[in-house]
Amino acid sequence: MRTRHLQAMLSCLTLLGLLATTCAPGAAPTPRPVASSPAATATTIAPPTPKPAAAAATPKPAVEQPRYGGVFKVGVLADPPSLDVHREQTGNNFGITQGAYNGLVKFDPHAWPEVKVISDLATTWELSPDGKTYTFHLAKGVKFHNGDTLTAEDAKYSFDRIRDPQVGLASSPRRQQVANVTSIDTPDDSTVRITLGYPQASFIPFIGGFYFAVMPKRVVLEKKGDMRNTIIGTGPFKFKDYAIGVGWELTKNPDYFVKGRPYLDGIKGYIIKDSFTRFAALRTGKIQFWGPPYLTVSMAKVIEEQMSDKIALKWEFHPAWYGAQFNVTRPPWSDVKVRQAVSMTFDRKKMVAVGIEGAGVVGMSAQPPGEWSLTEDEMVKVPGYAKPDLEGARKLMAEAGYPNGFKTDALTRAQPMQEALAVLFKDAVAAIGIDVDIKAQEAGVYVDQRFRKTFAVNAASAGTGHTDPDAMLGEHYVTDAAYNFGGYSNPYYDELYVKQSRALDTAERRKIVWEMQRILLRDVPIAIAYWSLIAYAWSKDVRGYTPPSLSHYHAYQYQDIWLAR
């Protein structure tokens, strides 16, 4: 199973020995046993020797107490396309917005390696016997940063803004995650009742994502829905300022509803586009946290070998695919044979080794390695998975009417790992005569072109923050889904999507999910090359930070962070 390969990859990365194309299969690292005290040895004490006095108990080390004060310095890759957390999906937005907002619930920031949802604005919640209605009870006396009191109507409006284009955002990337919501009621100012069309186990994890932030309805309406330059939440930190190309700043919210939090006086984000300059800033202490992703294996090796006393480092799997998303609404990408041919040119092992220095795992199917993915035994039989099939690819190109190939543009984001992927894509398809002109764009332009579907091919990576099939198989492939930038549509696939989401039996659901992945392997709306791992790095003076178990989407939870000096 590919799960074993992923475990092997993580094991190898722990030792930072991943400079080859793959790692040999092996077991996940075994936790080091805690050393126990030596067994007591029985001793005979003969009279008249007095009994020795008991040895003084070894004092326990004092528990380190959190300190108040200080500014946490974060290095980020690029400017956010906007400050509207409901609108954006890029991590460049998350660093500045995640500390300012709360949702009804959230992922426990300290549960690693578990994935656990806990209370946030909702102190408690319950589910109806039929599994379709969630009732959330809000904390009392919570204030927005502008002084407005939080009410259930704010929570309802925030959800409606995401899920209903008539209310809020026509292009919200989270709309698919709440497509099953049929109604939202507010019996009183402290109660929110959300009703689903059918029981959905993934619903609570979905809304645990911080991007389901609660905004003040009054402010959003006053701004006519335009929150691109405004941040007003209930979170531990308040928005202070943002300078394009320079950075942003958050300051402590003295009225935060969680007693004793936050510890920090503020957070400063420094926009440092060049990864080597950002790495130098981490090494010298100008920044204390490397905002994910894009810390390379080579950089991680330097930290491990030269700076392990000053910088903490941890690798985690990120459920984000890297590959080519085709605009299937326009020729030649509307021809499935052309898309299949492209996928068959990929040398996926080489792409992992070169594109991300081995910090990932070969991919082709639409689910990341794990319980929902197709088995390795099945995948090795798919043309192009284990190795390129150029002969088969050229045959398909000829059948499609392109024996000599064609010219095309490839949109990509102006970031190191994305541009490396675009170059690998260009080199791969050159073998079947496709001449690619790479168009690297800064985040704002890139996101706009992707949403407007003005690209031919999008050489990109994309994640959802979740590994559940409702997310992975919904957001990129269901007709009119928010992330379905390529315009793919298959009515039978859409039917299976709804069917698997309603399936309560895991074995039954897995069979449907497998069938869906086989459809996507045949239709190839996205030619997936690999799945990535992400390294988190932070100063050891930083306390209270735990890297997320699930995705870098949840990496910027600042509430409990404090500085030792």
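The numbering used here applies: residue 1353 is where the sequence shown begins, and numbers increase by one.
Each residue gets a CB set at the ideal place from its N, CA and C atoms; glycine is no exception.
- Mark K1611 as exposed unless 16 or more other C-beta atoms lie within 10 angstroms of its C-beta, in which case mark it buried. Working through the sequence shown from its first residue, we reach residue 1611 at position 259. Result: exposed.
Review point. When DSSP labels each residue in this structure, what does A1887 get in the three-state scheme?
Key: If you number the sequence shown from 1, residue 1887 lands on position 535. Reduced to three states, the DSSP call for A1887 is strand.
*So what's P1539 in DSSP terms, helix, strand or just coil?*
Start at 1 with the first residue of the sequence shown, and residue 1539 comes out as number 187. Of the three classes helix, strand and coil, the one that applies to P1539 here is strand, per DSSP.
Discussion item. Please state the DSSP three-state secondary structure of G1675.
Written reply: Numbered from 1 along the sequence shown, position 323 holds the residue referred to as residue 1675. DSSP places G1675 in strand when its eight states are reduced to three.
| task | Compare the beta carbon distance of G1621 and W1600 with 8 Å and say whether it is the shorter of the two. | result | Position 269 of the sequence shown, counting from 1, holds the residue named residue 1621. Position 248 of the sequence shown, counting from 1, holds the residue named residue 1600. In this structure, W1600 lies closer than 8 Å to G1621 by Cβ.
4 or more residues per run - each alpha helix (DSSP H) lying fully within the segment 1598-1625 | none
| query | Between which two residues does the beta strand (DSSP E) carrying N1810 extend? | reply | Locating residue 1810 in the sequence shown gives position 458, where the first residue counts as 1. Counting along the chain, the beta strand (DSSP E) containing N1810 begins and ends at V1809 to G1815.
Report whether the distance from the Cβ of K1458 to the nearest heavy atom of the ligand COA is below 7 Å. The ligand COA is absent from the structure shown, which contains no ligands of any kind.
Pick from K1590, R1630 and A1633 that is closest to L1616, judged by C-alpha positions | In the sequence shown, counting from the first residue as 1, residue 1616 sits at position 264. When only C-alpha atoms are compared, the closest one is K1590.
Please give the ranges of any alpha helix (DSSP H) in the segment 1623-1667, keeping only runs that are unbroken, at least 4 residues long and fully inside the region.
1627-1636 and 1649-1658
Residue environment, T1501, which counts as buried when at least 16 other CB atoms sit within 10 Å: One-based indexing of the sequence shown puts residue 1501 at position 149. Under this definition T1501 is an exposed residue.
*Burial state of G1712 (16 or more Cβ within 10 Å)*: As a working note, residue 1712 is residue 360 in the sequence shown. It is buried - the Cβ of G1712 has at least 16 other Cβ atoms within 10 Å.
Under the three-state DSSP convention, the category Y1829 falls into: Position 477 of the sequence shown, counted from the start, is the residue given in the question as residue 1829. DSSP places Y1829 in coil when its eight states are reduced to three.
Got a sec? Which residues, its chain only, sit under 6 Å from T1373 by beta carbon, not counting five neighbours each side? Taking the first residue of the sequence shown as position 1, residue 1373 is located at position 21. Residue confidence is low: T1373 scores 35 on pLDDT, short of 50, so the model does not pin down where it sits. Its coordinate-derived value is still stated next. For T1373, where only same-chain residues beyond five positions count, the Cβ hits under 6 Å are K1701 and A1705.
Discussion item. Given this structure, state the Cα-to-Cα distance separating P1735 from G1499, to the nearest angstrom.
Written reply: Counting from 1 along the sequence shown, the entry for residue 1735 is found at position 383. Counting from 1 along the sequence shown, the entry for residue 1499 is found at position 147. So the alpha carbons of these two residues sit roughly 60 Å apart.
Relative to the alpha-carbon of V1865, which residue among A1718, A1745, G1815 and D1875 has its alpha-carbon at the smallest distance?
Stepping through the sequence shown from its first residue, residue 1865 is reached at position 513. When only C-alpha atoms are compared, the closest one is A1718.
Discussion item. Checking 8 Å against the spacing of the C-beta atoms, do A1812 and P1525 come in under that value?
Written reply: Here residue 1812 corresponds to residue number 460 of the sequence shown, with the count starting at 1. Here residue 1525 corresponds to residue number 173 of the sequence shown, with the count starting at 1. Cβ atoms of A1812 and P1525: not closer than 8 Å.
| query | In three-state DSSP terms, what is G1443? | reply | Position 91 of the sequence shown, counted from the start, is the residue given in the question as residue 1443. Of the three classes helix, strand and coil, the one that applies to G1443 here is helix, per DSSP.
Problem set entry | Cβ pair L1885, V1467 closer than 8 Å | By 1-based counting over the sequence shown, the position of residue 1885 is 533. By 1-based counting over the sequence shown, the position of residue 1467 is 115. It is not a contact, given that the beta carbons lie outside the stated cut-off.
message: Using only CA atoms, which one of S1510, V1654 and L1573 lies nearest to A1887?
response: What you label residue 1887 is simply residue 535 of the sequence shown in a count that begins at 1. Considering only alpha carbons, the answer is V1654.
*Check the C-beta distance from P1671 over to H1818 and give it rounded, since I have them as a contact under 8 Å.*
The count along the sequence shown starts at 1 and reaches residue 1671 at position 319. The count along the sequence shown starts at 1 and reaches residue 1818 at position 466. The pair is a contact, with the Cβ atoms about 7 Å apart (cut-off 8 Å).
Whole angstroms is fine: what's the gap from F1698's alpha carbon to L1773's?
-> Position 346 of the sequence shown, counted from the start, is the residue given in the question as residue 1698. Position 421 of the sequence shown, counted from the start, is the residue given in the question as residue 1773. Going by the C-alpha atoms only, they are around 11 Å apart.
Fill in: Reduced DSSP category for Y1754 - H, G, I as helix; E, B as strand; rest coil
Along the sequence shown, one-based indexing puts residue 1754 at 402. Y1754: coil per DSSP, three-state reduction.
* **Run of the beta strand (DSSP E) containing S1554, from where it starts to where it stops** => For the purposes of this step, residue 1554 is taken as residue 202 along the sequence shown, with counting starting at 1. Unbroken run through S1554: none, as it is neither H nor E.
- Query: So what does R1545 bridge to, in DSSP terms?
  - Reply: Your numbering for residue 1545 matches position 193 in the sequence shown. Bridge partners of R1545: T1487 and D1537.
Original post:
Expressed to the nearest angstrom, what Euclidean distance is found between the alpha-carbon atoms of T1485 and D1516?
Top reply: Position 133 of the sequence shown holds residue 1485. Position 164 of the sequence shown holds residue 1516. Looking at the two C-alpha atoms, the distance is approximately 19 Å.
For the beta strand (DSSP E) holding G1712, just list the boundary residues, first then last.
Along the sequence shown, read from residue 1 onward, the residue named residue 1712 stands at position 360. Per DSSP, G1712 belongs to the beta strand (DSSP E) from G1712 to V1714.
- request: May I ask you to verify whether the segment 1869-1877 touches the segment 1685-1698, counting CB pairs closer than 8 Å and requiring at least 3?
  value: yes
Identified DSSP bridge partners for G1427: Taking the sequence shown and counting its residues from 1, one reaches residue 1427 at position 75. Paired residues: Y1622 and W1642.
Worksheet item: Looking only at DSSP bridge pairs, what is W1914 linked to?
Response: Here residue 1914 refers to the residue found at position 562 when the sequence shown is read from its first residue. Its beta-bridge partners are R1895.
- prompt: What are the boundary residues of the beta strand (DSSP E) that F1459 is part of?
  reply: Walking along the sequence shown from the start, residue 1459 turns up at place 107. Here the beta strand (DSSP E) through F1459 covers V1457 to F1459.
TODO: Go to I1708, then tell me how far its beta strand (DSSP E) extends in each direction, as first and last residue.
DONE: Within the sequence shown, residue 1708 is the residue found at index 356, counting from 1. Careful: I1708 lies outside any beta strand (DSSP E) and carries neither H nor E.
- Message: Under 8 Å, with one C-beta from each stretch per pair, do the segment 1468-1485 and the segment 1540-1559 reach the 3-pair mark?
- Response: yes
Practice problem: Rounded to whole angstroms, what's the CA-CA distance from T1648 to I1708? Just pull it up for me. | Solution: Reading the sequence shown from its first residue, position 296 is the one you call residue 1648. Reading the sequence shown from its first residue, position 356 is the one you call residue 1708. Spanning the two alpha carbons is a distance of roughly 7 Å.
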